[in-house]
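Trainee: Numbering (this note's numbering), first residue to last: 6 to 423.
Glycine included, C-beta positions come from ideal geometry on N, C-alpha and C.
In structure tokens, the structure reads:
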């Protein structure tokens with residue numbers, strides 16, 4: 006009894022059995038359309054979040070959050086540099102590295118990036134050790150010149166565990182027959198599969214001191230950092246670089262973070278997510294604007310009721326609110342169903358896809374073609390909130406015109422033939 010008149014009449018119209026069953030059918034279609042659109046939007050955005058997170062995990066499993074390297078020389082006193090870096094509260098782990106380009110020759114030849122690492126420290130900044138399919142990082146022993154290859158790189162070279170690989174570097178040695186590129190015969194002691202072509206086909210690991218000998222360096226190229234917040238990588242690395250420059254005697258350090266090397270890649274994913282949100286939002290908008298036809302027919306059906314309410318003193322604004330309440334209730338029901346089904350589908354999508362693949366013997370993401378062979382899904386509740394608000398705004402906009410038409414009804418004209 007304390008409800009506003011507009012809400013009371015709007016709820017009464019919603020509960021009442023309409024004489025025109027076609028209007029009820031259109032309302033049901035509107036509800037289902039909104040529900041399907043919201044479900045699709047939540048599911049697709051969750052899948053894109055899953056791919057984004059999976060790719061970030063795979064990339065950051067092989068590269069550090071940030072790197073600090075000397076501009077004019079190697080980092081000679083790297084143990085002290087690591088000690089100073091780890092004093093920063095945002096640094097979880099730090100490890101030295103050496104990097105250089107090389108040409109590898111096995112049965113076949115291929116170029117690769119050589120990364121010299123300290124096996125006992127590498128686990129602090131990457132999880133390459135967990136991606137080993139043969140051998141171990143512990144087999145990289147100083148002085149033995151072992152090498153760990155990416156799985157595709159090993160296949161390209163035609164080598165396997167225990168085979169020999171000749172590494173040619175861009176540096177040259179002067180010999181009686183002229184300048185020749187430095188080369189070293191190494192033994193394959195491990196093979197890893199990170200699940201990213203960039204690393205599996207173009208990265209080779211070796212012991213850091215062996216890499217220094219190979220490239221004629223007196224220290225590591227720089228320091229790799231793992232942080233507690235990867236989105237603060239640039240600011241934290243820059244702060245550490247300034248501290249090292251002030252205390253270790255070097256004038257400059259070059260600072261890079263994980264976004265710089267893969268910025269275009271992640272920007273493309275972010276853009277695709279925005280575009281998909283826009284496209285699927287249009288689907289929700291189309292479903293929401295089905296409410297226009299529903300309410301227009303309802304207003305036409307309730308002309309006599311509107312006229313009587315007007316003669317009893319209800320204002321045009323109150324009439325408009327009455328029909329907006331009914332449209333919003335229909336839209337809210339569709340949004341509620343869409344959110345319910347969308348959340349349930351997003352949370353259970355990987356298991357559902359596996360069941361479909363097992364039952365119908367189909368493969369959606371073939372491991373031979375895609376590096377991510379399972380469909381990931383990562384539900385973010387802030388996305389659900391934004392989708393809900395967007396759909397609700399569409400529903401409100403869809404009710405404005407029919408409600409305005411109802412408010413302009415003239416009692417005399419409506420009751421002329423009653």
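Give me, in chain order, the residues of the same chain whose beta-carbon lies closer than 8 Å to that of residue 116; leave out the 5 immediate sequence neighbours on both sides.
Mentor: These residues qualify, in order along the chain: 106, 107, 108, 109, 207.
Trainee: Tell me the residue span of the alpha helix (DSSP H) that contains residue 85.
Mentor: Note, residue 85: alpha helix (DSSP H), 83 to 90.
Trainee: Can you find at least 3 beta carbon pairs, one from the segment 64 to 79 and one from the segment 226 to 245, that sit closer than 8 Å?
Mentor: Verdict: yes, contact present.
Trainee: Alpha carbons only, please: which of 155, 84, 337, 149 is nearest the one belonging to residue 139?
Mentor: It is 155.
Trainee: From this set, 36, 218, 46, 86, which residue's C-alpha is nearest residue 432's C-alpha?
Mentor: No statement about residue 432 is possible, as the shown extent of the chain runs from 6 to 423 and does not include it.
Trainee: Would you mind giving the Cβ-Cβ distance between residue 58 and residue 381, rounded to the nearest angstrom? I have them listed as a contact below 8 Å.
Mentor: About 7 Å; that satisfies the 8 Å criterion.
Trainee: Under the three-state reduction of DSSP, which class applies to residue 145: helix, strand or coil?
Mentor: Coil, per DSSP.
Trainee: Per DSSP, what kind of secondary structure is residue 188 in: helix, strand or coil?
Mentor: Residue 188: strand per DSSP, three-state reduction.
Trainee: By Cβ distance, which residues of its chain are closer than 6 Å to residue 350, with the 5 residues on each side in sequence left out?
Mentor: Cβ within range, chain order: 48.
Trainee: With a cut-off of 8 Å on the beta carbons, I'd call residue 95 and residue 234 a contact; round off their distance for me.
Mentor: Yes, they are in contact, since the Cβ atoms of residue 95 and residue 234 sit about 7 Å apart, within 8 Å.
Trainee: Would you list the one or two residues that DSSP bridges to residue 228?
Mentor: In DSSP, residue 228 forms a bridge with 73, 101.
Trainee: So, with DSSP's three-state summary, where would you put residue 176?
Mentor: Of the three classes helix, strand and coil, the one that applies to residue 176 here is strand, per DSSP.
Trainee: Can you say whether residue 307 is buried or exposed, counting buried as having 16 or more other CB atoms within 10 angstroms of its CB?
Mentor: So residue 307 counts as buried.
Trainee: What do you reckon, are the CB atoms on residue 153 and residue 111 nearer than 7 Å?
Mentor: Going by C-beta atoms, residue 153 is not nearer than 7 Å to residue 111.
Trainee: Can you tell me the Cβ-Cβ gap for residue 134 and residue 123, rounded? I've got them flagged as a contact below 8 Å.
Mentor: 12 Å between Cβ atoms; not a contact.
Trainee: Applying the criterion that 16 or more other CB atoms from any shown protein chain within 10 Å of the CB defines a buried residue, is residue 265 buried or exposed?
Mentor: The residue in question, residue 265, is exposed, as its Cβ has fewer than 16 Cβ neighbours within 10 Å.
Trainee: Could you tell me whether the segment 283 to 290 touches the segment 380 to 400, where touching means 3 or more Cβ pairs closer than 8 Å?
Mentor: Yes: at least three Cβ pairs fall under 8 Å.
Trainee: Alpha carbon to alpha carbon, what distance is there between residue 52 and residue 364?
Mentor: Spanning the two alpha carbons is a distance of roughly 22 Å.
Trainee: Using DSSP bridges, identify the partner residues of residue 211.
Mentor: Looking at the DSSP assignment, residue 211 forms a beta bridge with 121, 152.
Trainee: Just checking residue 145 against the ligand FMN - is the residue's beta carbon closer than 6 Å to any of the ligand's heavy atoms?
Mentor: For the structure depicted, the ligand FMN is absent and the ligand set is empty, with no information on it obtainable.
Trainee: Which residues does DSSP pair with residue 110 in a beta bridge?
Mentor: Paired residues: 114, 171.
Trainee: Decide yes or no for the touch test of the segment 140 to 152 against the segment 211 to 221: beta carbon pairs closer than 8 Å, at least 3 of them.
Mentor: Touching, per the Cβ criterion.
Trainee: Residue 166: which of 188, 141, 175 sits nearest, CA to CA?
Mentor: Checking every option, the nearest Cα to that of residue 166 belongs to 141.
Trainee: Please report the straight-line C-alpha distance between residue 189 and residue 172, rounded to a whole angstrom.
Mentor: Residue 189 and residue 172: Cα-Cα distance of roughly 5 Å.
Trainee: What separation, rounded to the nearest whole angstrom, lies between the Cα atoms of residue 332 and residue 403?
Mentor: The alpha-carbon atoms of residue 332 and residue 403 are separated by roughly 8 Å.
Trainee: Mind checking which residues open and close the beta strand (DSSP E) that includes residue 137?
Mentor: It spans 137 to 140 - the beta strand (DSSP E) in which residue 137 sits, taken as one unbroken run.
Trainee: Going by DSSP, name the residue or residues bridged to residue 197.
Mentor: Looking at the DSSP assignment, residue 197 forms a beta bridge with 137, 155.
Trainee: Expressed to the nearest angstrom, what Euclidean distance is found between the alpha-carbon atoms of residue 201 and residue 230?
Mentor: Their Cα atoms are separated by approximately 21 Å.
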